[in-house]
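Protein chains in written order, with our numbering: chain A, -2 to 283; chain B, 11 to 267; chain C, 7 to 413; chain D, 6 to 327. We put the CB at the ideal spot given by N, CA and C, even for glycine. These numbers were taken from a predicted model, which means no experiment stands behind them.
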Amino acid sequence: MEGLLANVLNGLSWGMLLFLISMGLTTIFGVMGVLNFAHGSLFMLGAYLSMQFVRWVGSFWIGLLLGPPIVAGLSILLERFLLRPLYGRDVSFQLLLTFGVMLFLDDGVRLIWGAAYHVVDPPPLLSGVIPFFSQSYPVYRLFLVVLGPLVGIALWAFFAFTRWGKILRAAAMDRQMAEIVGVRVPAMFTAVFGFGAWLAALGGALAAPHQSVGPAMGERIIIESFIVVVIGGMGSFPGAFVGALILGMLNSFGTTLLPDVQMALPYILLAVILLTRPRGLFGAEA
Amino acid sequence: MTEPILLEVREVSRSFGKFQALRQVSLKIRTGRLCALIGPNGAGKTTFYNVVSGRYRPTGGRVFFEGQDITHAPAHRRVEMGLLRSFQITNIFPALTVLENVLVPLVVQHGKSFACLGSIARRRDMAEEAEQILSRVGLTGQSHRVVSTLAYGDKRLIEIAIVLARRPRLVLLDEPTAGMNPEETDRMIRLIRELSERSETTFFITEHDMKVVFSVAERIFVLNQGSLLADGTPEEIRANPEVKRAYLGGSLDAAGR
Amino acid sequence: MKKMGFAFLLAIGFGLVIAGSGIAADKPVKIGFAYIMSGPFATYGQFAKQGAELAIDEINQAGGINGRKVEALFEDDAGKPDVGIRVIRKLVYENGVDIVMGIDSSGVASAVAPVMKELKTPLIITHAAVPDVTGTSCNRYTFRISLNINQNIAMASTIAADMKAKTWTTAGPDYSFGHQSWEYFQKYLSKKKPDAVFLPAADVAFSPSATTDFSAYVTKIMNSKADGVLVSLWGGNLIDFVRQAADMGFFDGKREILMTLGAATEVLYALQEKMPEGIWVGTRYWFQANDTPINKAFVDAYFKRFKVYPSYNAHGAYGAVKTYAAAAAKAKTVDKEKIVDALEGLSIELPVGKITIRPEDHQAVTDGVWGKTAVDAQMPIRILKPIRAFAGKDITPPVEETGCKLK
Amino acid sequence: MRFRARGDVVPVLLILLALIAAPFFLSIYGLIVLTEILTMSLFALSFNLLFGYTGLLSFGQAGFFGAGAYFAVLTLIHGPGSLWAALAAAVIGSAVLAAVIGWLCVRLDEIYFAILTLGFGMMLFTIAHNWRSVTGGSDGLGNFTLPGLNLFGHDISLFHPVSFYFLVLLIAALGALLLWRVVGSPFGLLLRGTRENSLRVSFVGANVRAVRLFAFILAGALAGLAGALFAFFNRIASPEMLHWSFSGKAVLMTILGGSGVFLGPAAGAAIFFVLEHVITAYTTNWMIFLGAILVVLVLAFPGGVLGSLLDRLTRGRKGPPA
């Protein structure tokens, strides 16, 4: 019982971190149709900036507040000047460009912050542990478990109820139509890309107290986020939520129950879902 | 009425979620007779073609081609039996040349789909056959142009050529004159009539241009809201009051004059 | 019609570029280094580079090797076998190095060692611990001056034998290093303590190297019957593991813990006060382990120059350069074959202590250090107190057991 | 997609001649780099049969590349120690694997195909990484002896970089020739038709899945062949060869050189290694340069380097295509 609950909690907290990162990926894909390879690097950049702010001003919250917008700003430049010329062209070019950006950023942080690992403390409010049966459980992880769904609901509400959200959804479905009714689609794409990048960086800033900050931390997370987005259905928030939960649980229970194939489990899940539901769990059927 | 039945559709239905696109449609097409399927926008014409050609599975009913049940046969199997189709939106190979566009079906026709070592450039026989087909649809001397650089009307002709290359028994033409100027339309109508008269191929077209329909079709089927409303000769259809109501009068009368 | 012609020009162009860069001057003695300089383990390469530079500067200030200046060439093997082989071929064929040193990853070491036979160039491994390269796949040109898994686990099992723990499990990386560490640990400990129990393969915790969330592994161990844990994680994995495990109450004193590579300064600098106290940690070199003048000089010089204390990887690179210099002095040349002969059986005093390279398998017999983590207010990182030193001869398995058939 | 069979023969022969003459003017290391370029070229060309000609972006191609490596090395260790037997095992083994995996993958399109192939590639990676008793786990399989070649009664050691270079040149050239024949064949035309418009191809009576599957198997078999060469070249078969990032290399090289030109992927492989070689001579931060160069190339050379250069060249000569 104790083990079961601990596993559920482990799966939840990892899943929610994945969810935070996948939301940006799925938004960018859903609205713009761009599969952003550099998303993991933006996540990493978020973590590094947050760490830098903690060093400068000593406050995790200020890092959380100021880091992600800087990453979003950089991404807006990226979208405006690098990605935009590629929209008419084959998707593989976007993939390649974002791949190039990923290489650039991953090596770039090493140039700026060095190759060493860095550790960021959780803020005083969220540090410490609570008793959990015979063990203890870190408060910060519980914070992630609660925060994930909250951000998810906020985003969902934004898309479902606000005027901007509705315009975005409409434009995602039919770009030409949106242009006809007067939506400035290029500007909107820039905004969406920046927003997705903000989410990625937010995920990074939130991950910093949870794992060591180092180059290549983005590379590790990007494939898992891809899997989350694909099994959930590209562009779907509920899909990303469910996908992240499944992956989180697979991670915690797979470790205990199927250690030999644990490394392949996400990929097996991916294949099974793609072959039975080609557009993912929550994707519109083709 | 002695020609054999080529296509028989028995009580075919198709729904998309709650929406019923086709409701128990039944019809028969006999060899050699140019038939047309008409109906207002959204009547289910394209869905009907998609079901017959194998793009969609029907949710009910059966489809027979030359007496064989093809309800569940994949599209390429139907093509092998001689059932071909064109698409409403031009559906060709834009980055290939005119010649290559026709060679694609010829490769399949000659059973060379998996011939992967001999050069296609050396297949004189196929090239000659392709040129022949191209001249039949009136596209000569353009074999080496890339298709995307052609005029719209010519692109539609290419689609006809692609279809003909498979020596079809029955061709479903989905709005062959859609988007064409009057001149191109005339050319297309002449071509269809000519092909229908001179070849073994039976044509079954959908059209929104009533003038075209009534000038070429020997038999007309009317689809409305997914159901077959009427079925008869152009004269019978023109006289049918239900059809008139479905079309709100206008265009049918115009076509009659 | 001429489009392939341009490809031809391009091909020629590339050819010239490659050919043109192949000219090498032969004045200085050239040492090639291959370490991980990018990716998640890059910090190990960084320390190694610093150690190597320090040693080379010292040697050059003292007149070089046999009167010739020493020049260092660093390559990034990225921890990938194919890249490792490429850079080593480059060092040998293109840069014409006299010797190659380094190698962090066991996978790279396994790939590179057999190739040295073809390159006819000596290689001194300073980090990778896979036993085979000085065991079943040993060869004339491959040497190692750092501890291998065998030696390190021999120490771990000695400490474990004195502990109360009866049932053991492991938290290790899910690749050869982790699995081999666990296998040797079981082998050695059951010899020293026949009643020791080991959890079956399905119940131990091997994590893929890309893992960043270790909670599931921590839970698995905490819910098992084990009261002793062998941790063979290293680098960023170890940092994440320690932080997350600490929060989950893993270090609550209910279980004995051995970290085979816990005393790496790369890790200690990152963790600082988050490294729990009283944990047994191992290393290939500990900067406070001995008071020899040579060690003091090394630590002082290193700290003065780089503002951090030397890690075992820094020491490995430093030691390899010094070892090579000693071999060159003994052989009175840097001729590769003569260097190999000189390295065989060579003894030299390094900061870690005196090491001797066994001629039979080319593995250095070197002293090892384990210690318990402790706080020192003067130090930015955890230190080891008490320190338990092991004599090289006690922890190195006899040649017959290694499977090496050099002699 | 452009290829014209006759007009390209002369330049191709010139390239081949230059490659045959390479050992006489290249340094040993230059030759080693060229060997790796040729091996990776074959890999990238096999990938481009799917990508450039069939329109399928496979992110799992390294799975077959690596599988070929393991099949070849396992044959050398446990089976007959013959080079040809090992190469045959690599080709057949990876073709069979590609048949099984392809049968599942060709049902999907576009990005979904890409991600599904990535998934299967990573499953193969896990097998290579975790089945320690057979594959040697993460350390790979390195304990094999490269057999010699017996030519006209002379034993030739492949340990020598020159003789190994000629072996790779021979096999890569044969592989490229095979691919060249395939893309110019009736089947090749169907592939391009499928890339352009798979719906139309199935509505002229071809079984699109079967066509794609056949291409998938061919590409897998040739990737396996390239993988075997790579394992011989590095004297080891290691799990990294099956990882998705290795597939990414083939994608990178192909797009770098140009997927629309038959030899584009080979040019991409050459550009990649020469760049790496030049840049790492100055800095270990070569990824930052590679990333930046990639971004520039994607923006400035939309058809890949070779593709765009040829485009400019032909346009300059013949004016815009009529």
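- Only residues of its own chain outside the window of five on either side were considered, and among them 149, 152 have a CB closer than 8 Å to the CB of residue 164(B), listed in chain order.
- In terms of Cβ geometry, residue 232(D) and residue 70(D) form a close pair [threshold 8 Å].
- Separation of residue 353(C) and residue 371(C) (C-alpha to C-alpha, rounded to the nearest whole angstrom) is 9 Å.
- Within the stretch 338 to 399 of chain C, the complete beta strand (DSSP E) runs of at least 3 residues fall at 353 to 356, 359 to 363, 374 to 380, 389 to 396.
- Under DSSP, residue 248(A) shares a beta bridge with no residue.
- Annotation: residue 192(D) to residue 276(D) spans about 30 Å, alpha carbon to alpha carbon.
- By the 16-neighbour rule on beta-carbons within 10 angstroms, residue 41(D) is buried.
- Here residue 141(C) is not near residue 373(C), since their CB atoms are 8 Å or more apart.
- Residue 333(C) and residue 360(C) have their C-alpha atoms roughly 15 Å apart.
- The three-state secondary structure of residue 82(D), taken from DSSP, is helix.
- Bounds of the alpha helix (DSSP H) holding residue 137(A) are 136 to 158.
- Beta-bridge analysis with DSSP links residue 176(C) to 236(C).
- A residue is called buried when at least 16 other Cβ atoms come within 10 angstroms of its Cβ; residue 78(B) does not meet this threshold and is exposed.
- For residue 90(A), the closest of 62(D), 247(D), 112(D), 162(D) by C-alpha to C-alpha distance is 62(D).
- For the C-beta of residue 220(A), the chain D residues within less than 9 Å are, from N- to C-terminus, 123, 127, 249.
- Taking a cut-off of 8 Å for Cβ pairs, the stretch 66 to 82 of chain A and the stretch 192 to 204 of chain A touch, as three or more such pairs fall below it.
- In this structure, residue 205(B) sits away from residue 171(B), with a CB-CB distance that is not shorter than 8 Å.
- Shortest Cα-Cα distance from residue 214(A) to any of 145(A), 81(A), 197(A) involves 197(A).
- For residue 64(D), not one C-beta of chain C is nearer than 8 Å to its own C-beta.
- According to the DSSP secondary-structure assignment, residue 115(A) is paired through a beta bridge with 210(A).
- The continuous beta strand (DSSP E) containing residue 150(C) extends over residues 148 to 150.
- In this chain, the alpha helix (DSSP H) harbouring residue 201(A) covers 182 to 204.
- Within chain C, no residue has its CB atom less than 8 Å from the CB of residue 40(D), the nearest being about 10 Å off.
- Between the alpha carbons of residue 142(B) and residue 117(B) lies a distance of about 15 Å.
- At least one beta carbon of chain D lies nearer than 8 Å to the beta carbon of residue 43(C).
- Nearest neighbour of residue 191(C) by Cα position, chosen from 204(C), 170(C), 127(C), 74(C), turns out to be 204(C).
- With 16 or more other Cβ atoms inside 10 Å of its own Cβ, residue 23(A) counts as buried.
- In the DSSP assignment, residue 264(A) falls within the alpha helix (DSSP H) that extends over 262 to 273.
- Residue contact with chain D for residue 185(C): present (Cβ-Cβ distance below 8 Å to some residue of chain D).
- If you ignore the 5 residues before and after residue 65(B), its C-beta comes within less than 7 Å of the C-beta of 85, all in its own chain and listed in chain order.
- Distance from the CA of residue 207(D) to the CA of residue 186(D), rounded to the nearest whole angstrom, comes to 23 Å.
- Residue 139(C) holds the alpha-carbon nearest to the alpha-carbon of residue 147(D) among 147(C), 139(C), 152(C), 151(C).
- Check the Cα spacing between residue 80(C) and each of 111(C), 43(C), 87(C), 70(C): the tightest is with 43(C).
- With fewer than 16 other beta carbons inside 10 angstroms of its own, residue 255(A) counts as exposed.
- In the assembly as shown, residue 386(C) is an exposed residue. Its beta-carbon has fewer than 16 other beta-carbons within 10 Å.
- Taking 8 Å as the upper bound on Cβ-Cβ separation, chain C lies near no residue of the stretch 43 to 59 of chain A.
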